[in-house]
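Undergrad: Quick one: the structure is below, questions incoming.
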Amino acid sequence: MRETEYKEPTMDLAKIEDKLLWDFKLAEEFTNRKKGFAFVIDVYSKNPQLTLYKVGDMLSSTKFLPKQPPVEMMVRAVQEQGGSLDDNNLFDATDEVKSWIKENLM
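Take any residue in the sequence shown, note its place counting from 1, add 8, and you have its number in my numbering.
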(Lines of atoms letter the chains of each structure in order from A and count residues from 1; the text may use other names and numbers.)
(Lines give C-alpha, C1' and ligand atoms only; values in the text may rest on other atoms or scores of the structure.)
Protein backbone atom coordinates (compact mmCIF):
# COMPACT_ATOMS: atom_id res chain seq x y z
CA MET A 1 0.00 0.00 0.00
CA ARG A 2 1.38 3.39 -0.98
CA GLU A 3 1.51 6.20 1.58
CA THR A 4 0.00 9.46 0.50
CA GLU A 5 1.32 12.82 1.54
CA TYR A 6 -0.89 14.74 3.95
CA LYS A 7 -2.03 18.08 2.61
CA GLU A 8 -3.33 20.72 4.99
CA PRO A 9 -6.92 21.64 4.13
CA THR A 10 -7.28 24.96 2.38
CA MET A 11 -10.07 27.42 1.97
CA ASP A 12 -10.26 29.59 -1.13
CA LEU A 13 -11.38 32.93 0.27
CA ALA A 14 -11.02 34.54 -3.16
CA LYS A 15 -14.31 32.85 -4.12
CA ILE A 16 -16.18 34.86 -1.47
CA GLU A 17 -14.06 38.01 -1.41
CA ASP A 18 -16.87 40.17 -2.81
CA LYS A 19 -19.17 38.96 0.01
CA LEU A 20 -16.80 39.72 2.91
CA LEU A 21 -18.23 42.09 5.51
CA TRP A 22 -15.03 43.76 6.76
CA ASP A 23 -16.97 46.21 8.94
CA PHE A 24 -19.07 43.49 10.64
CA LYS A 25 -19.66 43.86 14.39
CA LEU A 26 -21.28 41.09 16.43
CA ALA A 27 -23.11 43.65 18.58
CA GLU A 28 -24.87 44.95 15.46
CA GLU A 29 -25.56 41.57 13.87
CA PHE A 30 -29.33 41.85 14.15
CA THR A 31 -29.67 45.52 13.25
CA ASN A 32 -29.56 46.26 9.53
CA ARG A 33 -28.48 42.65 8.93
CA LYS A 34 -26.35 42.11 5.84
CA LYS A 35 -25.83 38.67 4.32
CA GLY A 36 -22.28 37.59 3.64
CA PHE A 37 -19.16 36.47 5.46
CA ALA A 38 -17.15 37.98 8.30
CA PHE A 39 -14.21 36.93 10.41
CA VAL A 40 -14.74 36.42 14.14
CA ILE A 41 -12.74 34.91 16.97
CA ASP A 42 -14.36 31.90 18.62
CA VAL A 43 -13.09 31.18 22.13
CA TYR A 44 -13.92 27.73 23.46
CA SER A 45 -12.08 25.85 26.22
CA LYS A 46 -9.53 28.69 26.50
CA ASN A 47 -8.62 28.28 22.84
CA PRO A 48 -9.15 31.29 20.53
CA GLN A 49 -9.70 30.31 16.89
CA LEU A 50 -10.21 32.51 13.85
CA THR A 51 -13.42 31.52 12.10
CA LEU A 52 -15.28 32.44 8.96
CA TYR A 53 -18.71 33.58 10.10
CA LYS A 54 -21.48 33.06 7.55
CA VAL A 55 -24.37 35.48 8.02
CA GLY A 56 -27.66 34.42 6.45
CA ASP A 57 -31.23 35.68 6.62
CA MET A 58 -32.24 33.82 9.76
CA LEU A 59 -29.06 32.06 10.89
CA SER A 60 -25.33 32.32 11.29
CA SER A 61 -22.65 29.63 11.30
CA THR A 62 -18.92 29.43 11.86
CA LYS A 63 -16.17 27.47 10.15
CA PHE A 64 -12.69 27.27 11.64
CA LEU A 65 -9.93 28.39 9.31
CA PRO A 66 -7.09 25.93 8.72
CA LYS A 67 -4.41 28.65 8.98
CA GLN A 68 -4.50 30.67 12.20
CA PRO A 69 -2.92 33.94 13.35
CA PRO A 70 -0.41 33.82 16.21
CA VAL A 71 -2.11 32.93 19.50
CA GLU A 72 -0.72 36.08 21.15
CA MET A 73 -2.53 38.22 18.56
CA MET A 74 -5.80 36.40 19.16
CA VAL A 75 -5.50 36.73 22.95
CA ARG A 76 -4.77 40.45 22.58
CA ALA A 77 -7.85 40.87 20.35
CA VAL A 78 -10.09 39.15 22.91
CA GLN A 79 -8.65 41.17 25.81
CA GLU A 80 -9.04 44.47 23.91
CA GLN A 81 -12.77 43.73 23.80
CA GLY A 82 -13.00 43.07 27.53
CA GLY A 83 -12.98 39.30 27.17
CA SER A 84 -10.73 36.56 28.44
CA LEU A 85 -9.91 32.99 27.51
CA ASP A 86 -12.28 31.90 30.27
CA ASP A 87 -15.19 33.23 28.18
CA ASN A 88 -16.71 30.72 25.76
CA ASN A 89 -17.86 33.38 23.35
CA LEU A 90 -17.45 35.03 19.96
CA PHE A 91 -15.44 38.23 19.53
CA ASP A 92 -14.95 40.63 16.64
CA ALA A 93 -11.78 40.44 14.59
CA THR A 94 -9.72 43.53 15.45
CA ASP A 95 -7.92 45.69 12.90
CA GLU A 96 -4.69 43.83 13.72
CA VAL A 97 -6.34 40.46 13.00
CA LYS A 98 -7.94 41.80 9.80
CA SER A 99 -4.53 43.00 8.60
CA TRP A 100 -3.12 39.54 9.28
CA ILE A 101 -5.99 37.98 7.30
CA LYS A 102 -5.35 40.27 4.31
CA GLU A 103 -1.61 39.54 4.37
CA ASN A 104 -1.82 35.79 4.98
CA LEU A 105 -5.14 34.44 3.71
CA MET A 106 -6.20 36.60 0.79
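In this text, a Cβ means the ideal position worked out from N, Cα and C, and glycines have one as well.
Considering only residues of the same chain and omitting the five flanking positions on each side of Lys-27, which have a CB-CB separation below 6 angstroms?
TA: Cβ neighbours of Lys-27 beyond the five flanking positions: Gly-44, Phe-45.
Undergrad: Tell whether a beta-carbon distance below 8 angstroms holds between Asp-100 and Val-48.
TA: Yes, they are a contact pair.
Undergrad: Classify Ala-22: buried if its beta carbon has 16 or more other beta carbons within 10 angstroms, exposed otherwise.
TA: Result: exposed.
Undergrad: Could you name the residues of the same chain whose beta carbon sits closer than 8 angstroms to that of Thr-39, not counting the 5 residues immediately before and after it, in chain order?
TA: Nothing listed; no residue qualifies.
Undergrad: Between which residues of its own chain and Gln-57 is the CB-CB distance below 6 angstroms, once the five residues before and five after are set aside?
TA: So the list reads Asp-50, Phe-72, once near-sequence residues are dropped.
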